[in-house]
Amino acid sequence: MGVKSIRVQVIILFLLILANFLAQIPYYLHLYYNPNNLLAQVKGGFLLLIVFAVFLLASFLLFKRTVIGYWLMVMFLVVEFLFYVWNTLGGVIHGYGFLYHLANPDLILRGVFVIGYVNLFVSGYFLCLLLFKRTAFLDSQSRKKPLSKYSV
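Residue numbers (my numbering): 955 to 1106.
Have a look at this one:
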């Protein structure tokens, strides 16, 4: 698998994870928004913004092929993958079944859940790509070229 193939995969995976973050906005507004309790709103939003900032920083540094960007993205993906695995296994353990969220009749929630399940597999695949193709990301010769011709 060439560097160009890896570059395309990384960009697609980045966009899918970015879609997951964007999907959290209608999800939050639909389920949790309460204008009467702004302090609670800020607390949840702040946590999501911190995670989003870590993702953007890891992505930026990964596209620049820095070692810290590689390891920051690996840590982000481990946490994201384990979060979705834990959520999915919790549903199975409690008798709801695998992918039970997709039976939700609310279209907004179902759409967000689809994106979430896609991110379960995306984060796992992206993590494996980073770990198994580590030399493509950490090799000193290939690091001189950014992963994306569009990277800053």
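Where a beta carbon is used, it is the ideal one built from N, C-alpha and C, also for glycine.
Just so it is clear, the structure is predicted and the values come from calculations on it, not from any experiment.
Worksheet entry | Environment of Thr1042 [buried if 16+ CB atoms lie within 10 Å] | By the beta-carbon neighbour count (other beta carbons within 10 angstroms, threshold 16), Thr1042 is buried.
Worksheet item: Any idea what DSSP makes of Tyr987, helix, strand or coil?
Response: Residue state, collapsed to three classes: coil.
Fill in: Same chain, Cβ closer than 8 Å to Leu1083, neighbours up to 5 away in sequence not counted
Its chain contains Ile960, Gln963, Val964, Leu967 as the residues whose beta carbon lies nearer than 8 Å to that of Leu1083, once the 5 sequence neighbours on both sides are disregarded; these appear in chain order.
Worksheet entry | His1048, DSSP secondary structure in three states | It is coil, neither helix nor strand.
Worksheet entry | Limits of the alpha helix (DSSP H) - the one that Thr1089 falls within | Per DSSP, Thr1089 belongs to the alpha helix (DSSP H) from 1088-1092.
Discussion item. Rounded to the nearest angstrom, what separates Asn1073 and Leu1061 at their Cα positions?
Written reply: Distance between the alpha carbons of Asn1073 and Leu1061 is about 18 Å.
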